[in-house]
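K.L.:
Before I ask anything, here is the structure I am working with.
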Amino acid sequence: MASKKDMRRPDLAVPYQEPAPKGDAAEFTSTLSSTLPMAAIFTRNRYIGWASVVFSVQGWLGESEDASRSTTSTPGYFTIGMSVMALAVTYLPMFLPPPPGSQGATGTGPAAPVPPAAA
């Protein structure tokens, strides 16, 4: 049968020390949460818009107190606002459709054919 005596030595116990914070390291999620809304606006892709909302909410919920006090990083609520705006832009043609017959402002398609000249 095992002995009930505690065999640990209190003089060898090492108290817990919190690890030193990392330097000013850029986080990948922060980069994604600020660039995905721009990609959603440029491409008008709804899936990218939803992904930007998810990444920005995840980044906001996961930011530490040190990151929220830092003046160099973008606040989490700002990235959420930007991603929601990008999502609204992707759904905008559904609620405000373009006027009929308009091809768009850029005209990237081929030029209209020119009728042959009569001789």
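Okay, so the sequence shown: first residue is 1 according to my numbering, each after it adds one.
Even for Gly, the Cβ is constructed at its ideal location relative to N, Cα and C.
Fair warning: this is a prediction, and the values are worked out from it, not measured in the lab.
(1) Among the candidates T74, S73, D11, S56, whose CA atom is the shortest distance from the CA of S83?
(2) For L12 and E18, what's the separation of their Cα atoms in angstroms?
(3) Assuming contact is defined by CB atoms lying nearer than 8 Å, are S33 and T90 in contact in what I supplied?
(4) Tell me which same chain residues have a C-beta within less than 6 Å of the C-beta of A40, skipping the five on either side of it?
(5) Return helix, strand or coil for T74, following the three-state DSSP convention.
(6) According to DSSP, is G109 part of a helix, a strand, or is it coil?
(7) Mind checking which residues open and close the alpha helix (DSSP H) that includes S64?
(8) Rounded to whole angstroms, how far is the Cβ of G81 from the Cβ of W60, which I believe are closer than 8 Å?
(9) Which residues mark the beginning and the end of the alpha helix (DSSP H) in which L32 is found?
(10) Look up Q58 in the DSSP assignment and say whether it is helix, strand or coil.
P.N.:
On the basis of the supplied data:
(1) As a working note, residue 83 is residue 83 in the sequence shown. Here the closest residue by C-alpha is S56.
(2) If you number the sequence shown from 1, residue 12 lands on position 12. If you number the sequence shown from 1, residue 18 lands on position 18. In a straight line, the C-alpha of L12 is about 19 Å away from that of E18.
(3) Sequence index remark: in the sequence shown, residue 33 carries index 33 (1-based). Sequence index remark: in the sequence shown, residue 90 carries index 90 (1-based). Against a cut-off of 8 Å, the Cβ pair of T90 and S33 comes out as no contact.
(4) Position 40 of the sequence shown, counted from the first residue, corresponds to residue 40. Taken in chain order, the residues that qualify are I48, G49, S52, A86, T90.
(5) Here the question's residue 74 lines up with position 74 in the sequence shown. Here T74 sits in coil by DSSP.
(6) One-based indexing of the sequence shown puts residue 109 at position 109. Note: G109 maps to coil in three-state DSSP.
(7) Position 64 of the sequence shown, counted from the start, is the residue given in the question as residue 64. Segment: none, S64 is in no alpha helix (DSSP H) and carries neither H nor E.
(8) Numbered from its first residue, the sequence shown carries residue 81 at position 81. Numbered from its first residue, the sequence shown carries residue 60 at position 60. The pair is not a contact, with the Cβ atoms about 10 Å apart (cut-off 8 Å).
(9) By one-based count along the sequence shown, residue 32 stands at place 32. Note, L32: alpha helix (DSSP H), 28-43.
(10) Taking the sequence shown and counting its residues from 1, one reaches residue 58 at position 58. Note: Q58 maps to helix in three-state DSSP.
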